[in-house]
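Counted from 1, the sequence shown has number 18 at position 33 by my numbering; the numbering is strictly sequential. Have a look at the structure below, then the notes.
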Amino acid sequence: MTARKSLTATRLEALGAGLDNWACVDAFCCWLAGTAWREGRVSDATILRWSRSDDLWWRRAAVVSTVPLNLKSRGGLGDTKRTLVICRTLIHDEEVMVQKAISWALRTLVPWNQKAVEAFLKEHSESISPLVRREVFRKLTTGKKN
């Protein structure tokens, strides 16, 4: 068994203890946590628990863990339901690092389900941060972030 395939929620949380910046969180989630979640070694309940953490980096980790569900280059096949559940859970989070992660998560979902992303933006138009609105709208209209 490869080391990556031996990852469980307990092992991931031990590895992730002390994550303290966006670069470490993003690498951790794109290469380990999100992949383990996509492959069924980490439960939806675990990621949802991270989304409710007092620690901003675990909240960001919950959102960034959706990226491997949706990026073809990470083996993603599109997972609208799980991506939007996590984004919805954190839509009111005021931390900019969490908001940037929501923008990234929604933008990676666009190629798989543009209509769902558009509906999400409309549903949350009053509460979504201007940063998320701007970046995701740009992705929807131009195909680019900037």
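We treat Cβ as the ideally placed atom computed from N, Cα and C, and that holds for glycine. Predicted model only: the values in this text are computed from it and were never measured.
Going by C-alpha positions, Arg123 is about 38 Å away from Thr(-5). Residue Thr(-13) holds the alpha-carbon nearest to the alpha-carbon of Leu17 among Ser36, Thr(-13), Arg92, Leu33.
Only buried fits Ser36, as 16 or more other CB atoms lie within 10 angstroms of its CB. DSSP places Gly1 within a helical segment (H, G or I) once states are collapsed to three. The continuous stretches of alpha helix (DSSP H) do not include Asp78, and DSSP gives it neither H nor E. Judged by DSSP in its simplified three-state form, Glu108 adopts helix. Taking a C-beta distance under 7 Å as the contact criterion, Ala90 and Thr68 qualify as a contact pair.
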